[in-house]
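In what follows, a structure is listed as C-alpha cells, so that the remarks can point back to it.
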Amino acid sequence: MEGFDPRTSFGYEVSKRYDAEDTRGDEERTVAFLAGLAGGRDALELAVGTGRIALPLTRAGVRVDGIELSPDMVDRMREKPDGDQIQVTMGDMSRVTTGRTYGLVYLVYNTIGNLLSQDDQVRCFENAARHLDDEGVFVLECRVPTAPARPGHQFVDVERVGVDHVGLDVCRYDPVTQVLDENHVRLSAQGIVFSPIRLRLAHPPEFDLMARIAGLRLRERWGGWEGEPYTAGSWRHISVYERRADASRAPL
240 MEGFDPRTSF GYEVSKRYDA EDTRGDEERT VAFLAGLAGG RDALELAVGT GRIALPLTRA
300 GVRVDGIELS PDMVDRMREK PDGDQIQVTM GDMSRVTTGR TYGLVYLVYN TIGNLLSQDD
360 QVRCFENAAR HLDDEGVFVL ECRVPTAPAR PGHQFVDVER VGVDHVGLDV CRYDPVTQVL
420 DENHVRLSAQ GIVFSPIRLR LAHPPEFDLM ARIAGLRLRE RWGGWEGEPY TAGSWRHISV
480 YERRADASRA PL
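Here the sequence shown is numbered in the numbering used here, starting from 240 and rising by one per residue.
Dropping the structure here:
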C-alpha cells in the first residue's frame, strides 16, 4: 500500500477512535476464556493496545503485563480506570522481552497479521515461547483468511449502511507475499475517513508449523471463545499452543 508505514499505523488519530470502531462485542467471553486458562497465573498480552482485553482480565484477578509498539495506544489505556496497573514494555512484539515468564501469553484480534513477513511471524511465536513458563500456554486468535479465494484478489465489501453514513472495506491481496492491503472507508456528511491497514494472512496449518519451529505444539483449537468446535465453516480460530516435551526454552 503506497505511503503506508506499519510502524505508525496505530498513531494518535487511530488510537482516539480505536475502541469505538474496533470492538467486536465478545470481550467478556474472551476474558472469561483467558482467565480460565491462566488459572491464577500471570499473563502477558502481545500488542496490548488500549487495554481492551488486559484491563478486564486484570479485574478478573489475573496479573497482566503487556508489550506494545504504539505509545499512543498505551496513552489511551492509561486514561482508563486502572490503566496504570498494566506494566508495558514498549517495542516490537516479535523481539522485545519483559525479562520474565508467564503461565499465559496471548495475541488476539488478528494482530499477528500486523507482522508482514513469515520470518517476523515465526519470530513472534519464538518470542511467545520464550516468555512461557514450563506449563504455560500461548493463545492465538485470528480470522481464517478469505481474501485468497476472492476472484482477481481485489474487492470492495460493504461493512455498514446507515441513514447518514456508509462504511466500505476496499481490499487488494497479493498471493505471492500473502499481504492484504485494506482500507476501511467511512463516507458521511461530515466527510471521508480512511483507516488503512496491511496484514499478512496465514491459515492455521501455517501457524502450527510456526509453533513447531518455536518449540511448541497445538494443544487445542476452537471456533469461538465459548469452546465452539473449529470446523470448515468457522470464520476464525482460537489456537492454544503448549511447549513440546522435546523442546528446551530459549533464555530471555
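Backbone N, C-alpha and C define an ideal beta-carbon position, used for all residues, glycine too.
*Counting Cβ pairs closer than 8 Å, one from the stretch 324 to 340 and one from the stretch 369 to 380, do we hit at least three?*
yes
*Mapping DSSP to helix, strand and coil, what is residue 325?*
coil
*Write down the C-beta distance between residue 389 and residue 475 rounded to the nearest angstrom, noting that I regard them as a contact closer than 8 Å.*
Actually they are not in contact, since the Cβ atoms of residue 389 and residue 475 sit about 18 Å apart, beyond 8 Å.
*Does DSSP classify residue 480 as helix, strand or coil?*
strand
*For residue 450, which residues from the same chain have a beta carbon less than 7 Å from its beta carbon, with the 5 sequence-adjacent residues on both sides left out?*
364, 456, 457, 480
*Stretch-stretch touch, CB-based, cutoff 8 Å, three pairs: the stretch 305 to 318 with the stretch 401 to 413*: Note that the stretch 305 to 318 does not touch the stretch 401 to 413; fewer than 3 beta-carbon pairs, one per stretch, sit closer than 8 Å.
*Does the separation of the CB atoms of residue 332 and residue 286 fall below 8 Å?*
In terms of Cβ geometry, residue 332 and residue 286 form a close pair [threshold 8 Å].
*How many Å lie between residue 387 and residue 355 at the Cα?*
16 Å
_Whole-angstrom C-beta distance between residue 328 and residue 306, which should lie under 8 Å_ = 5 Å
_Short of 8 Å in beta carbon distance, which residues of its chain neighbour residue 414, apart from the five on each side in sequence? Order them along the chain._
387, 392
*asked:* Looking only at its chain, what residues have a beta carbon closer than 8 Å to the beta carbon of residue 295, apart from the 5 residues adjacent to it on each side?
replied: 266, 267, 270
*Output the boundary residues of the beta strand (DSSP E) element that contains residue 346.*
341 to 346
_Please list the terminal residues of the continuous beta strand (DSSP E) segment that includes residue 436._
430 to 439
*Expected contact under 8 Å - CB spacing of residue 418 and residue 408 to nearest Å*: With a Cβ gap of about 16 Å, residue 418 and residue 408 do not count as contacting.
*Give the range of the beta strand (DSSP E) segment to which residue 304 is assigned.*
303 to 307
*Compute the Euclidean distance between the alpha carbons of residue 491 and residue 421, then round it to the nearest angstrom.*
Looking at the two C-alpha atoms, the distance is approximately 35 Å.
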